[in-house]
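Asks: Quick one: this structure, given as C-alpha cells, is what I'll be asking you about.
Residue numbers (our numbering): 477 to 807.
Right, dumping it as C-alpha cells:
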C-alpha cells in the first residue's frame, strides 16, 4: 500500500491470514454459525441453538416453515448473510392458515422482496423470549489473539424503552456479567472460539443470545467482527479500568429526539452539539467521581439521534440520568 511504501509500520493482530479469509466469511453466516456450533458444542452445557433447517431456496424455506406450523411452533426465517436486522423475519404460527397451499401463498407475500431470492435460507424455531431477562437478548464478546488463544472481553444486555419493545442501547454491569446465563454462554463461546481459532480466525467475535420464558438459553448467531459494543468496552476499560463492571454500571444509550413532533415543530428546535451540551451540563460526566453522561457520537445529532454513554455506580443512579435525558429530549 501507499502508506507501507512510505515506510510506516502497521500491526494488525486481528487480521486473519489471507489463506484463511474463506473461513472467516463462511463462519460469519447463518449456515456457518450452525455448522461450527455443532462442531464445538458441549452437550453438558445448558445452552443450545434453536431447532432448525438450512434450506437452499425460497420454496424449500416455505416448506420448512410449514413444518413448524404443523407442530404449532413459531418460526424465524434468516437469509444466510443478513446483518443489522436485514433478511430476518419472525412469524407466529397462529397468524397463518392450516391449509398448506394457503399457508405457502401467505408466507410468500411476506418474503417477496429480492433479498429473499437466496440460495441459502435458515428456518428455525422462534423462542418465546423473556424480555424481562436482560432485555430479551444478552450478548457475550470474546477475542482470539494473534497466537490463537481465546480470551473473554465482556457480557452485556439490551436496554429497552419503557414500552418494553423499543431498543435503546446496551448495558454492561456486574449483574449481567455474573449471571448464570452469561457464565454458561462464555463457556460455550470459548469452545466456539477455539474452533474458530483452529480454522484461522483472529480478532473479535460475539455471540447473540436469547433467554426463553421457560428459562432456556439459546445462542442465535455470532458476529465475526468488531461491533459498537467493542468500542464502548475498550473505551470504558481505558476510562474506568479493567473489569470496570464490578464497580460501575455502564449504558450506551441512543434516543431519537423529538419523537411525535411534526417537521414544522422540529424545524423550530435547535439540536446542535453546543445547545444539547448545555442541556446536559447538570449531568455531565465528572472525572473525579467517575459518573455522569458524555457524548458517544455527536454527529448523530444531525439525524436527530442523541448517542450517549452513561456511567453510574448502580442501576438506580443510571436510571436517574436516563430520566433526565428523556426530559431533555422533549425540550
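Built from N, CA and C at the ideal position, the CB exists for glycine as well. In this text, all values refer to a predicted model and were calculated from it rather than measured experimentally.
1) Evaluate residue 665 with the Cβ neighbour count: other Cβ atoms within 10 Å of its Cβ, from every protein chain shown; 16 or more gives buried, anything less gives exposed.
2) Which residues does DSSP pair with residue 767 in a beta bridge?
3) Taking only runs that begin and end inside the region 663-729, name each unbroken beta strand (DSSP E) of 3 or more residues, in chain order.
4) Put residue 581 into one of helix, strand or coil per three-state DSSP.
5) Tell me the DSSP bridge mates of residue 564?
6) What span of residues does the alpha helix (DSSP H) with residue 749 cover, start to end?
7) Does the Cβ of residue 615 have 16 or more other Cβ atoms within 10 Å, making it buried, or fewer, making it exposed?
8) Do residue 504 and residue 667 come within 8 Å of each other at the CB atom, strictly closer than that value?
9) Is residue 545 near residue 586, with beta carbons less than 8 Å apart?
10) Using three-state DSSP, classify residue 540 as helix, strand or coil.
11) Suppose you measure from the CA of residue 481 to the CA of residue 493; what does that come to, to the nearest Å?
12) What span of residues does the beta strand (DSSP E) with residue 629 cover, start to end?
13) Pull up the distance between the alpha-carbon of residue 645 and that of residue 636, whole angstroms please.
14) Quick one: residues in its chain with C-beta nearer than 7 Å to the C-beta of residue 521, no 5 flanking neighbours on either side, listed in chain order?
15) For residue 670, which residues from the same chain have a beta carbon less than 6 Å from its beta carbon, with the 5 sequence-adjacent residues on both sides left out?
16) Would you mind sorting residue 690 into buried or exposed? The rule is 16 or more other CB atoms within 10 Å of its CB.
17) With distances taken from CA atoms, which of 697, 779, 801 and 490 is nearest residue 598?
18) For residue 531, which residues does DSSP report across the bridge?
19) May I have the straight-line CA-CA distance separating residue 618 from residue 787, to the nearest angstrom?
Replies: The answer reads as follows:
1) Mapped onto the chain shown, residue 665 falls at position 189. Buried, because 16 or more other Cβ atoms sit within 10 Å of the Cβ of residue 665.
2) Translated into the one-based positions of the chain shown, residue 767 becomes position 291. Paired residue(s): 762.
3) 679-687 and 693-697
4) Here residue 581 is taken as the residue at index 105 of the chain shown, counted from 1. Note: residue 581 maps to helix in three-state DSSP.
5) Within the chain shown, residue 564 is the residue found at index 88, counting from 1. 554.
6) In the chain shown, the residue the question calls residue 749 occupies position 273. Per DSSP, residue 749 belongs to the alpha helix (DSSP H) from 749-756.
7) Along the chain shown, read from residue 1 onward, the residue named residue 615 stands at position 139. That one is buried.
8) Position 191 of the chain shown holds residue 667. Position 28 of the chain shown holds residue 504. Not closer than 8 Å, so no.
9) Taking the first residue of the chain shown as position 1, residue 545 is located at position 69. Taking the first residue of the chain shown as position 1, residue 586 is located at position 110. Contact: no.
10) Translated into positions along the chain shown, residue 540 becomes position 64. Residue 540: helix per DSSP, three-state reduction.
11) In the chain shown, the residue the question calls residue 481 occupies position 5. In the chain shown, the residue the question calls residue 493 occupies position 17. The alpha-carbon atoms of residue 481 and residue 493 are separated by roughly 21 Å.
12) Along the chain shown, one-based indexing puts residue 629 at 153. Here the beta strand (DSSP E) through residue 629 covers 626-636.
13) Your numbering for residue 645 matches position 169 in the chain shown. Your numbering for residue 636 matches position 160 in the chain shown. Using only the alpha carbons, I get a separation of about 7 Å.
14) Mapped onto the chain shown, residue 521 falls at position 45. Excluding residues within five positions, the ones whose Cβ falls inside 7 Å are 660, 663 and 664.
15) As a first step, residue 670 is located in the chain shown; it is residue number 194 there, counting from the start. Taken in chain order, the residues that qualify are 626.
16) Indexing the chain shown from 1 puts residue 690 at position 214. By the 10 Å Cβ count, residue 690 comes out exposed.
17) Walking along the chain shown from the start, residue 598 turns up at place 122. Closest by alpha carbon: 697.
18) On the chain shown, residue 531 is found 55 positions in, with the first residue counted as 1. Beta-bridge pairing links residue 531 to 597.
19) What you label residue 618 is simply residue 142 of the chain shown in a count that begins at 1. What you label residue 787 is simply residue 311 of the chain shown in a count that begins at 1. Rounded to whole angstroms, residue 618 to residue 787 spans 23 Å at the Cα level.
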